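K.L.:
Handing you a structure now.
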């Protein structure tokens, strides 16, 4: 293993003398994963590990809010409908059956994918496979359950966005960073679209995107892969593939000048956000941006914590990080302003730190520290069946393969101070940024639609 | 894929004798659930216990699967020992442990932790102060040195204490921006009045204003004694070497008196129905919390209570409350849950949810009706049957990582519970009966005298509460 790492690193040509190999080389369990492609295009990745009591079953569907046309929030609303009944089972029965056997079941929707995940004991895996087939083959979307579920989703939207200062901040930030790409719309959707989406629209969405050739199933943990594959072939293997899966053709036009937005919300602590355009996932600039994120944000010795939280005492937290999506990326900065402190002062100090990484290279000590923090994070990510399945699913959807840990580590360790400065200069440009202030409204000017005492 | 298409495929498959779809044999949900085997909670020989002469308990959990290690110390006293006027001091003391210790000031300590890629944490809860550091196992000695400095030699630097207090005051003011936090704070106030449990672990803006380095140091001296404390090390380590290393760092820590756990809360809290509305005119959603006193971590019927709560409101999608509120035709909420907060002294029981403002009364009525039904129609064998499987299944999965197993074992020591409680847990769960459910419902659920807290626009909420009793409106 160390030899392989050395060769990989040498091939990239940036062996760093200060980087020492771990005493015990990392064994990447994911290297033992087995990939099976069924005739209908379904990809099944299995990774057996009898040392854990958990089987994680995850179904990764390559559809997210990015694929929506017409009704925003449809991918997410539809994810909810996947739990609301099929030919042989009533609403919520799917989850109840798994709960009743001690398993955990849930799902989430993001910009690029929808993930259905179950953590169960090995005895329950056949049930999970059968239930997955049942809803993919026989989903029943009735107007009545949709109307109930849309109310649930609207409550979720109120919870996470409308009544949440941070939710409001992010919603406005992404709608400002992107003017054209569908990443500008919230995953939960705009309220009016969630209110109006119809059962017919949901059915069309289902038949278009929930096809076996648009799905990756990942199973990790204590189970028998041959048994599972046999069962999957007999069930999910019968689903018909889709001939074509449409993708949104929109590209983001060039940004010409800084954009600013203000959100009024009744808060004690204002919030600051900034976003810059960054490359889509898989870019060679990704690792330098990851290292930059850590140098700015991770731990109490990070630059932003020291400057804004510890020394100036103007913020409660401050962080900047690289967000990668399939078709674009963003470098996102967030600071929580202390009550009574001026948001403009926090912004000035925040951007001074950004200016510093553009102006001068980071120190070798900071670089080494960041690499170590990322490495330990990768090791911690190997600890559970769920996390392993997540890594496999995410890699497979984005890259069509699993990236070995060695490859990821070699790329991280190849990053130089010059690389970090280069990506900062390339992406964190002043007239390419979007800035959002979330502040309490001016009490002298009552805003439309607000209550008040 | 259209349903017509599938029907065609099924028919075709059947005609060709392919045993199409899964209906060549019954789907798994029509078959009896297979019994899950009870695995041991840790690998054979992985656990080693020891006690240093000064009384410090040591637990080592060897797990060589990953090159990492976590080190933890649990001091078995926490915020519950504070007088209400001192609320937040223990939590503040914990925050100061990494703000300068041994030969390092705050920034040097942070630099050293981060350079190892490690994570350090120190926090207070009602019954404990918990310290932890985690990193790569090859850095074990360096990690343990930092850890011992933070536990035994914190500097309590006056300037850092000022910074920590300013940050705490800002955080407490900002926490009011979160409706869930406002609701939780108001609900504990409504229950406990003058008892320490009325205030958050971190204290209030009023009590935090009084905190300084001197008070923090005094609490550290009082709480940090080795007798009764538990040091644990989990990961890619050798038990004998770990015990030697702990002895070298903690062996000379002098034993002392363990402080009194603090006065118990009132037996009935609240004594009668109390209704409070926290006015947040800008919110689209009403937060609803109802609650009263619960049970202690060591109560004899704690297993039955936890199973009862799973069925009523503690099991997510499958709970009665979720069915009644989210599953009803109106889709009244996205989430609802209930929990008994288990502490050394009986902590609160709360059920909470949220709904659009205009449905606040409707959701509250449904919630209270379900609690009432939990008493009039307590869970029988059918509900109990799945709850037992859920509890034993999620118990096993909750112990997937060796860190989780260690934490659960340390928790037993903190509360003086039998060392084999995890091994016997599943057997005890399977022994819970419908009669136990009825007994729990009678003893530990009191919908007629709950405290009711709603957060949202008072103007729209208060008129909905007519007939429930006197309503007090407070500002955040």
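Protein chains in written order, with the working numbering: chain A, 1 to 453; chain B, 1001 to 1476. Glycine included, C-beta positions come from ideal geometry on N, C-alpha and C. No experiment lies behind these values; they were computed from the predicted model shown.
1) Let me check understanding here. Comparing Cα to Cα, which of B/1204, B/1435, B/1413 and B/1319 lies closest to residue 1387 of chain B?
2) Distance check for residue 196 of chain A and residue 1229 of chain B, CA to CA, integer angstroms please.
3) Does chain A have any CB closer than 9 Å to the CB of residue 1461 of chain B?
4) Assign residue 161 of chain A to buried or exposed, taking buried as 16 or more other Cβ atoms, counted over all protein chains shown, within 10 Å of its Cβ.
5) For residue 221 of chain A and residue 166 of chain A, what's the separation of their Cα atoms in angstroms?
6) What residues of chain A sit near residue 1401 of chain B, judged by a beta carbon separation below 7 Å?
7) Excluding five sequence neighbours on each side, which residues of the same chain lie with their C-beta closer than 8 Å to the C-beta of residue 201 of chain A?
8) Less than 6 Å between C-beta atoms, sequence neighbours within five positions excluded: which residues of the same chain meet that for residue 1281 of chain B?
9) Along the alpha helix (DSSP H) that carries residue 1223 of chain B, what are the first and last residues, could you check?
10) What's the gap between the Cα of residue 1322 of chain B and the Cα of residue 1336 of chain B?
11) Could one say the Cβ of residue 349 of chain A lies closer than 9 Å to chain B's Cβ atoms, at least one of them?
12) Under the three-state reduction of DSSP, which class applies to residue 1077 of chain B: helix, strand or coil?
13) Check the Cβ of residue 1123 of chain B against every Cβ in chain A and list those closer than 8 Å, keeping chain order.
14) So with Cβ pairs under 9 Å, would you call residue 117 of chain A a contact of chain B?
15) Which value, in whole angstroms, describes the spacing of the CA atoms of residue 21 of chain A and residue 375 of chain A?
16) Note down, in chain order, all residues in the region 1041-1058 of chain B with a beta-carbon under 7 Å from any beta-carbon belonging to chain A.
17) Bridge partners for residue 1420 of chain B per DSSP, in chain order?
18) Would you mind stating whether residue 1187 of chain B and residue 1289 of chain B have Cβ atoms separated by less than 9 Å?
19) First and last residue of the alpha helix (DSSP H) that includes residue 293 of chain A?
20) For residue 210 of chain A and residue 182 of chain A, what's the separation of their Cα atoms in angstroms?
21) Where does residue 1376 of chain B land, buried or exposed, given buried means 16+ other C-beta within 10 angstroms?
22) Taking 9 Å as the threshold (C-beta atoms), are residue 434 of chain A and residue 261 of chain A in contact?
23) To the nearest angstrom, how far is it from the Cα of residue 1006 of chain B to the Cα of residue 137 of chain A?
24) Go to residue 194 of chain A, then tell me how far its alpha helix (DSSP H) extends in each direction, as first and last residue.
25) Would you mind listing the alpha helix (DSSP H) stretches within the region 53-100 of chain A that are 4+ residues and don't spill past its ends, in chain order?
26) Since residue 1279 of chain B sits in a beta bridge, which residues does DSSP pair it with?
27) Less than 9 Å between the C-beta atoms of residue 1156 of chain B and residue 1216 of chain B, yes or no?
28) Cβ of residue 373 of chain A less than 9 Å from any chain B Cβ?
29) By a C-beta neighbour count over all protein chains shown, 10 Å radius and 16 as the cutoff for buried, is residue 108 of chain A buried or exposed?
30) Quick check on DSSP: helix, strand or coil for residue 239 of chain A?
31) Looking only at C-alpha atoms, which of B/1256, B/1452 and B/1308 sits nearest to residue 1054 of chain B?
32) According to DSSP, which residues form a beta bridge with residue 458 of chain A?
33) Where do the N-terminal and C-terminal ends of the alpha helix (DSSP H) with residue 1186 of chain B fall, by residue?
34) Mind checking whether residue 1194 of chain B and residue 1301 of chain B have CB atoms under 9 Å apart?
35) So, at 6 Å on beta carbons, what are the nonlocal neighbours of residue 218 of chain A in its own chain, with the 5 sequence-adjacent residues on each side left out?
36) What span of residues does the beta strand (DSSP E) with residue 116 of chain A cover, start to end?
P.N.:
Let me lay it out:
1) If we check each option's Cα against that of residue 1387 of chain B, B/1319 comes out closest.
2) One C-alpha to the other measures close to 58 Å.
3) No - not a single Cβ of chain A is within 9 Å of the one on residue 1461 of chain B.
4) Buried, because 16 or more other Cβ atoms sit within 10 Å of the Cβ of residue 161 of chain A.
5) One C-alpha to the other measures close to 36 Å.
6) Near residue 1401 of chain B (Cβ distances below 7 Å), the residues of chain A are 383 and 384.
7) If we look at residue 201 of chain A and ignore the five residues flanking it on each side, its Cβ neighbours are 70, 71 and 74.
8) Taken in chain order, the residues that qualify are 1457.
9) Under the DSSP assignment, residue 1223 of chain B falls in the alpha helix (DSSP H) whose first and last residues are 1213-1223.
10) Looking at the backbone, the Cα of residue 1322 of chain B and that of residue 1336 of chain B are separated by about 6 Å.
11) Not one chain B Cβ lies under 9 Å of residue 349 of chain A.
12) Of the three classes helix, strand and coil, the one that applies to residue 1077 of chain B here is coil, per DSSP.
13) Here the premise fails: no neighbours, minimum Cβ distance about 15 Å.
14) By this cut-off, residue 117 of chain A is not an interface position.
15) In this predicted model, residue 21 of chain A has a pLDDT of only 41, less than 50, meaning its place in the structure is not dependable enough to derive any value.
16) Listed by position along the chain: nothing, the set is empty.
17) For residue 1420 of chain B, no pairing in a beta bridge is given by DSSP.
18) For residue 1187 of chain B and residue 1289 of chain B, yes; Cβs fall inside 9 Å.
19) Start and end: 286-297.
20) Cα to Cα, residue 210 of chain A sits roughly 20 Å from residue 182 of chain A.
21) It is exposed - the Cβ of residue 1376 of chain B has fewer than 16 other Cβ atoms within 10 Å.
22) Yes, the pair counts as a contact, with Cβ atoms nearer than the cut-off.
23) Note that residue 1006 of chain B scores a pLDDT of 39, beneath 50, so its modelled location is shaky; the value from the coordinates is reported in the next line. Looking at the two C-alpha atoms, the distance is approximately 7 Å.
24) It spans 191-196 - the alpha helix (DSSP H) in which residue 194 of chain A sits, taken as one unbroken run.
25) As far as the region 53-100 of chain A is concerned, its whole alpha helix (DSSP H) runs of at least 4 residues are 74-81 and 93-99.
26) Its beta-bridge partners are B/1456.
27) Yes, the pair counts as a contact, with Cβ atoms nearer than the cut-off.
28) Chain B contact via Cβ: present.
29) Here residue 108 of chain A is exposed, its C-beta having fewer than 16 other C-beta atoms within 10 Å.
30) In the structure shown, residue 239 of chain A sits in coil (DSSP, three-state: anything other than H, G, I, E or B).
31) Of the listed residues, the one whose Cα sits closest to residue 1054 of chain B is B/1256.
32) Lying outside 1 to 453, the shown extent of chain A, residue 458 of chain A is not represented and no answer is given.
33) Where residue 1186 of chain B is concerned, the enclosing alpha helix (DSSP H) starts and stops at 1179-1192.
34) Going by C-beta atoms, residue 1194 of chain B is not nearer than 9 Å to residue 1301 of chain B.
35) These residues qualify, in order along the chain: 45, 58, 389, 392 and 393.
36) According to the DSSP assignment, residue 116 of chain A belongs to the beta strand (DSSP E) that extends over 114-120.
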